[in-house]
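J.: I have a structure I would like to understand better, so I am pasting it below and will then ask my questions one at a time.
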Amino acid sequence: MAAAMAYKYQAQALMRDYLLADPLVPYTSVLIGIVLCKMAYDFTRILSSFYFKGYTSLTKIQRIEWNNRGMSSAHAIFITAVSLYLVASTDLFSDRVKGPITFRNSIISTSALGVSVGYFITDLAMIFWLYPSLGGMEYVLHHTLSLVAIAYTMLSGEGQFYTYMVLISETTTPEINLRWFLDTAGLKKSSAYLVNGILMFVAWLVARIFLFVYVFYHIYLHYSQIMQMHAFGYYLTFLVPSVLFVMNTMWFMKILKGVKKTLAKWP
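Structure (structure tokens):
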């Protein structure tokens, strides 16, 4: 018992003095994010092999993409939940708090961004490794912009509000992945595929179109605070949402065409 308590105290001391020490929080959380991605990838593989009979009949690249999409869905659920919590349920970015919103951060907000950086590093590495099987240049551009922006706000503490507002758009990722899962499983003509397509359309419209319009409006209202940021952060605040909004709009038009096509064929 004494030995167990000693190990417990040593573990707590390690967490307090090293893993959760302020200067090391970003790097520790990135490492944790990479490890969690590996766990989510393996968990998807194990779960699918037990509960989806068609998993073993998929090609090697299909199984890799299947597991990768499970990993990306896990990250999307995590970062969307954290983003909504920090933006809507805490006072971290509240107007009631004095001081520029562009410089507000906390250990929790920085740590969550680190986990997200770990995900984008992992996913981008897989995209390059199997290019272009897991996505073309549009995915490389999207992930690179996201990685640079999130890493900067994580390390500098600047602009975390806008980073989390943009990350709320990850709420559409599970629907996109589910669409691919259903298609790969041969359920493209199922009612689940139709319902998911409609949900994906609505979620995309709200989280990747309307939300971005609000972000631009918020940037306009708080421009004087954004001007106080370092030059790199200042330009990222305008560049990243703008490029992503253009990409989101292009993808939205494709989704709209897909929904129309599906509804037209539906009996």
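Quick note on UniProt numbering: the sequence shown kicks off at 1 and runs consecutively.
Even for Gly, the Cβ is constructed at its ideal location relative to N, Cα and C.
(1) Are the stretch 37-46 and the stretch 81-89 touching by the rule of at least three beta carbon pairs closer than 8 Å?
(2) Please report the Cβ distance between T171 and A76, rounded to the nearest whole angstrom; I am assuming they are in contact, meaning their Cβ atoms lie under 8 Å.
(3) Quick check for students: name the residue ranges of the beta strand (DSSP E) that lie wholly in the stretch 217-264, counting only runs of 3 or more.
(4) Flag this pair as touching only if the stretch 115-130 and the stretch 43-53 have three or more C-beta atom pairs under 8 Å; answer yes or no.
(5) So, helix, strand or coil for S72, using DSSP?
(6) Under the three-state reduction of DSSP, which class applies to W266: helix, strand or coil?
(7) Counting C-beta neighbours from all protein chains within 10 Å, is the total for I61 16 or more, i.e. buried, or is it exposed?
(8) Return the Cβ separation of D123 and S72 in integer angstroms, given the expectation that the two are a contact with Cβ distance under 8 Å.
(9) Is it the case that the stretch 204-214 contacts the stretch 92-111, given that we only count it when at least three CB pairs across the two stretches are under 8 Å?
(10) Quick check: the Cα distance between T102 and T249, rounded to an integer number of angstroms?
(11) Which word fits S191, buried or exposed, when buried means at least 16 other C-beta atoms lie within 10 angstroms of its C-beta?
(12) How many angstroms separate the CA atom of Y119 from the CA atom of R179?
(13) Within a Cβ cutoff of 8 Å, which residues of the same chain sit near H142, ignoring the five residues on either side of it in sequence?
(14) Between the C-alpha atoms of K254 and S156, what's the straight-line distance to the nearest angstrom?
(15) Taking a contact to mean a Cβ-Cβ separation below 8 Å, would you say G33 touches S116 in this structure?
(16) Quick one: complete alpha helix (DSSP H) runs, 4+ long, within the stretch 90-145?
T.: For this structure:
(1) no
(2) 7 Å
(3) none
(4) no
(5) helix
(6) coil
(7) exposed
(8) 6 Å
(9) no
(10) 26 Å
(11) exposed
(12) 21 Å
(13) L244, M247
(14) 36 Å
(15) yes
(16) 107-129
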